[in-house]
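Participant:
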Amino acid sequence: MLAQNADAIVALSSEKLPASEVLNEKLWSRLPNVPEPTRNTVNQFLQAMKTDTFRNAMAGVSPSAIKAIPLAKFEQVLAFGRKELPSLKISDHPGFQRILDPKGGLKIEDESMRKVAEDLLPKFFDNLGLKIKARIAAGVLRLPATATSSQQASAVLQNSGPLVQKLFQLMGDQTDSKELAEVMALLKENIQPIEQKQILAALNHRFGADGVKKYFANISGPKKSGSVGQVHFATDTKTGEKIVVKVRRPGVVEDLALEAAAMNEAAKGTDLAPFAEKIVSNVGKELDFREESKNLVEGALYVDADRGIGIAKIIDHVPVQEDVLVMQLAPGASVAKFTSPEDLVKRGQAVTSLLEDWVKHSVSQSGFFHGDLHSGNIFLDTSAKNKLGYQLTLIDFGNAGRITREEQAGFIKLLSGIVFKSPDDVLAAFESIGTVPEANRAALLAELKEILKRETTYPIHRWFNEILQDIGKSALTHKVDVPESFLAFQRGKKFLENELDLVNKLLDEVDPAKKLARFDPTWAQVKSLLKETQHNAAASLLRKPKPDSMLSMDLLKDIFKIWRNSPYRAHVKDICQRYYRSLNQLPY
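Taken in order, the sequence shown gives residues 15 to 602; the numbers are from my numbering.
Below, the structure written as structure tokens:
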């Protein structure tokens, strides 16, 4: 029986323990493919080894059952596992193959991410070090015999490291795969919490026992466990307020080092090497909470009480540590929790305001943006005591980005090129933000002409994203170097657009008569740009140009040209009249 189930103990083979100690791990008692009689035998055997009553415990077990688990055979199986484990191909596992199967729904829109899924991930998993492979094998083997492919894939991810989980999160942003969504949901549900004693040990290590008493009281058990860290609540001894204490997961830095080696080896000599280097660097930054504290300071630009937007700020009087971060407690819950008709309206209003401000800061002001937008990082309180009746709070600034001035201008050029269907403008946009190989320039331009021949459809943000997706594929094919920050910005923008689409879909279900407001992500972005543009245009007309102005009167004309034949014409006219009467002189 042990020989037939050799794979079952491969996870413990790397520990190089004596066979008796491996048996003491009770691995066999958790295996689904061991028949019940043998399972009972193993349990009795384990208990006997612990209590030195082997002879009495085995008295009622048949000799044939005892022979099924001889120690010598067990040692042979361990040796087999130690030999085979390093070359174990995780990419051959059914759960892994299922989750990456396009037929199962994994149709990744972004060409670069599709190449990562198809070409990089299988090699990466097969290159993982012995420690992580052993952990993955143990996690899969603990599943019941009836485990679905999603549960198996989730076990693979759960027992991997932070880099794997980040990759799958990025892929999840690029697909509507129900299978992948189920896997990620299972992953969040089943991440094992760090023991409280480890948390307290980490806090004592950083602050000392006296420091812990000085800053914190009533430290709770785990409230949220993630791939990078774990969140606990505590009382701020200085203010008496409830606060969040985020502690980095023990061993996660070492896991990233193993994953980085496997990733770099898998990407070596391919055009995915820059991607591999970048994502390893980004995840490394997320593991250093001092980076997040810097991002939180800069993220204060999102705070706008009049619009009901805030962030979970750091607690200034508690020293920031590499592996411990102390922040304000965000009111409310994830935006995904709010699905009643009244709450959906508030959710839509709050996310619309966030989208407007997110575009404003990214495209026409500092360029800074929250780089990890998803529903778990956007909290909503629909019982806030303010004039709006809601408060939206951004959390988790571990990943932030910045668009340079050149990239801001390039985005506007790209937007203009797409809406005017000008391949020359799109090409110029790429050349302003990246590098277009001269040898590929003509072929790229020809493909852009074909892509931009398509008829404009509404809603415009979906049409725009479909066009942008195909333009991105073409750019990748012709080896155009596009900055990662630009791509990250587009991913964040798309998430907020999709969030408003989801709100509208949920409203259609609960309010088919359309008595409640619906939300337009396209108009939110255009309104944001119009407000900024008009401000700068006014300064220009007054002959007092702002030195940091990125937008011009020419751009304002372009934006109005974009919308002159669209359903938004009335809105544009209204903004013209309300914001700047001299704009009536424009011939649009």
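Even glycine gets a Cβ: it sits at the ideal position worked out from N, Cα and C. Only a predicted model underlies this, so the values are computations on that prediction, with no experimental measurement involved.
1. Between Val334 and Ile325, how many whole angstroms is the CB-CB distance? I'm expecting something under 8 Å.
2. At 3 residues or longer, and completely inside the region 331 to 408: list those beta strand (DSSP E) runs for me, N to C.
3. Residues bridged to Ile447 by DSSP?
4. Starting from Val259, follow the beta strand (DSSP E) in both directions and report where the run begins and ends.
5. In terms of residues, what are the limits of the beta strand (DSSP E) holding Phe411?
6. Can you list, in chain order, the residues of its chain whose CB lies under 8 Å from that of Phe352, leaving out five sequence neighbours each side?
7. Which class does His219 belong to by DSSP, given the choice of helix, strand or coil?
8. Quick check on this structure: which residue in Ala231, Ile208, Leu217 and Ser163 has the alpha carbon closest to the alpha carbon of Met198?
9. In this structure, how does DSSP classify Arg304 when only helix, strand and coil are distinguished?
10. Please tell me whether Ser486 and Phe383 are closer than 8 Å, where the distance is taken between their beta carbons.
11. Can you check which of these residues, Ala414, Leu514, His246 and Leu530, is closest to Ala538 by C-alpha distance?
12. Any heavy atom of the ligand ZN closer than 7 Å to the beta-carbon of Leu339?
13. Going by the CB atoms, is the gap between Leu177 and Lys135 shorter than 8 Å?
14. Would you mind sorting Asn232 into buried or exposed? The rule is 16 or more other CB atoms within 10 Å of its CB.
15. In the DSSP output, what is Pro288 paired with across the bridge?
16. What's the call for Thr366, buried or exposed, on a 16-neighbour Cβ count within 10 Å?
17. Where Lys145 and Arg263 are concerned, what is the direct C-alpha to C-alpha distance, given to the nearest angstrom?
18. Measure the alpha-carbon distance for Phe139 versus His331 and round it to whole angstroms.
19. Under the DSSP definition of a beta bridge, which residues are partnered with Ile325?
20. Output the distance between the C-alpha atoms of Leu301 and Glu273, rounded to the nearest integer angstrom.
21. Do you know offhand how far Ser354's Cα is from Lys519's?
22. Does DSSP put Pro561 in a helix, a strand or coil?
23. If you draw a straight line from the alpha carbon of Arg455 to that of Glu498, how long is it in whole angstroms?
24. Can you tell me which of Lys137, Thr160 and Ser168 puts its alpha carbon nearest to the alpha carbon of Ala151?
25. What is the DSSP secondary structure of Asp269, reduced to helix, strand or coil?
26. Would you check if the distance between the CB atom of Gly298 and the CB atom of Ala414 is smaller than 8 Å?
27. Secondary structure at His246, three-state DSSP: helix, strand or coil?
28. Would you mind working out which of Thr249, Gln206, Lys227 and Leu171 sits nearest Gln342, comparing C-alpha positions?
29. Rounded to whole angstroms, what is the Cα-Cα separation between Pro451 and Lys401?
30. Who are the Cβ neighbours of Thr253 in its own chain at under 6 Å, not counting the five residues just before and after it?
31. If you drop the 5 nearest sequence neighbours on each side, which residues of the same chain put their C-beta closer than 7 Å to that of Ile409?
32. Should Arg128 go down as buried or exposed, given a rule of 16 or more other Cβ atoms within 10 Å for buried?
33. Closer than 8 Å by C-beta to Ile104: which residues in its own chain qualify, once you throw out the five before and the five after it? Chain order, please.
Facilitator: On the basis of the data shown:
1. The pair is not a contact, with the Cβ atoms about 16 Å apart (cut-off 8 Å).
2. 338 to 342, 382 to 384, 392 to 395 and 405 to 408
3. DSSP, once it has assigned bridges, lists no residue as partnering Ile447.
4. Lys256 to Arg262
5. Element bounds for Phe411: n/a, residue is neither H nor E.
6. Leu358, Lys360, Arg361, Leu394 and Thr396
7. helix
8. Ser163
9. helix
10. According to the sequence as given, residue 486 is Gly; it is not Ser. Not in contact: Gly486 and Phe383 (Cβ atoms no closer than 8 Å).
11. Leu514
12. The model depicted lacks the ligand ZN and carries no ligand whatsoever.
13. Looking at the sequence shown, residue 135 is not Lys but Leu. Not in contact: Leu135 and Leu177 (Cβ atoms no closer than 8 Å).
14. exposed
15. Paired residues: none, contrary to the question.
16. buried
17. 17 Å
18. 43 Å
19. Leu408
20. 14 Å
21. 13 Å
22. In this predicted model, Pro561 has a pLDDT of only 33, less than 50, meaning its place in the structure is not dependable; the value taken from the coordinates is given anyway. Of the three classes helix, strand and coil, the one that applies to Pro561 here is coil, per DSSP.
23. 21 Å
24. Ser168
25. helix
26. no
27. strand
28. Thr249
29. 54 Å
30. none
31. Ala326, Ala344, Asn391 and Phe393
32. buried
33. Phe110, Phe139, Asp140, Leu142, Lys147, Ile150 and Val170
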